[in-house]
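Trainee: Note that the protein sequences, when read in sequence, are chains A and W. First residue of the first sequence? That's 906 in my numbering, and the numbers climb one at a time after it. First residue of the second sequence? That's 3 in my numbering, and the numbers climb one at a time after it.
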Amino acid sequence: EAGVAQSPRYKIIEKRQSVAFWCNPISGHATLYWYQQILGQGPKLLIQFQNNGVVDDSQLPKDRFSAERLKGVDSTLKIQPAKLEDSAVYLCASSLESSRYYEQYFGPGTRLTVT
Amino acid sequence: DQQVKQNSPSLSVQEGRISILNCDYTNSMFDYFLWYKKYPAEGPTFLISISSIKDKNEDGRFTVFLNKSAKHLSLHIVPSQPGDSAVYFCAARGSFGNEKLTFGTGTRLTIIP
């Protein structure tokens, strides 16, 4: 079974530029999560999708971050414009259904550096 | 407001001995607790969990203990093996209606051969 795929693996941009991350969840997984992990901290949930609907985006900085999950499969997370404090690893995870919270399968992450 | 805390950033243990990783939480509404393991350049992988109605859960070399009165949980690994060297995250799930996971800051475990 293929795991959660993310791209790119690394990205370096200057502040005020925009960036987009892509995630392909495990086939058949209805729930998709985006997390932000700042160095020295644990992952923090940014947004959770159930199929193509948003379940929780309470911690998403909506003035600069946006995410979509078209057709309930792949998802993209965008930052525009980026700030220095956005430097972090962005993790995508998926699970069969939101009630099976412990069975979140994580991708390798995208490490973003904003200079 | 850090609701899940792992106060030890790192821990070194001799191979074959017991590793004990600790986690404290402040929110009494958490109803499930999980441990994740993370290797460099990989995403976290689920290790073991425990419901708030239990005080112990065991899976092979891994045992999680929960002390609700102290709002404390611990992960015991025995015997420790070199492959256990990784960062371990404690996570807690909110109760119905707020079920997202809240992660601790992680403890880097190093097993010394």
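Glycine residues also receive a C-beta, built at the ideal position from the N, C-alpha and C atoms.
Can you tell me whether K976(A) is helix, strand or coil according to DSSP?
Mentor: DSSP places K976(A) in helix when its eight states are reduced to three.
Trainee: Let me know the secondary structure DSSP gives E990(A) once reduced to three states.
Mentor: Reduced to three states, the DSSP call for E990(A) is helix.
Trainee: Is it right to say Y41(W) is buried, meaning 16 or more other beta carbons lie within 10 angstroms of its own, or is it exposed?
Mentor: By the neighbour-count rule (16 or more Cβ atoms within 10 Å), Y41(W) is not buried but exposed.
Trainee: Got a sec: which bits of the region 950-981 of chain A sit with their beta carbon under 8 Å from any beta carbon on chain W, in order along the chain?
Mentor: The region 950-981 of chain A vs chain W, Cβ under 8 Å: L950, Q953, D961.
Trainee: Per DSSP, what kind of secondary structure is D86(W) in: helix, strand or coil?
Mentor: D86(W) falls in the helix class under three-state DSSP.
Trainee: Straight-line CA distance for K39(W) to F48(W)?
Mentor: Approximately 7 Å between the Cα atoms of the pair.
Trainee: Need the endpoints of the beta strand (DSSP E) that V80(W) sits in, please.
Mentor: Here V80(W) belongs to no beta strand (DSSP E), and DSSP marks it neither H nor E.
Trainee: Just how far apart, CA to CA, sit D57(W) and P1013(A)?
Mentor: Between D57(W) and P1013(A), the C-alpha separation is close to 32 Å.
Trainee: Please check if any C-beta of chain W sits within less than 8 Å of the C-beta of Q1009(A).
Mentor: Yes, Q1009(A) lies at the interface with chain W (some Cβ there is under 8 Å from its Cβ).
Trainee: List, from N- to C-terminal side, the alpha helix (DSSP H) runs of 4 residues or more that fit wholly inside the region 18-73 of chain W.
Mentor: The qualifying runs do not exist here; there are none.
Trainee: Which term fits Q4(W), buried or exposed, when burial requires 16 or more other beta carbons within 10 angstroms of its beta carbon?
Mentor: So Q4(W) counts as exposed.
Trainee: Answer yes if the region 916-928 of chain A comes into contact with the region 942-955 of chain A, meaning at least three C-beta pairs across the two stretches below 8 Å, and no otherwise.
Mentor: Segments in contact, no.
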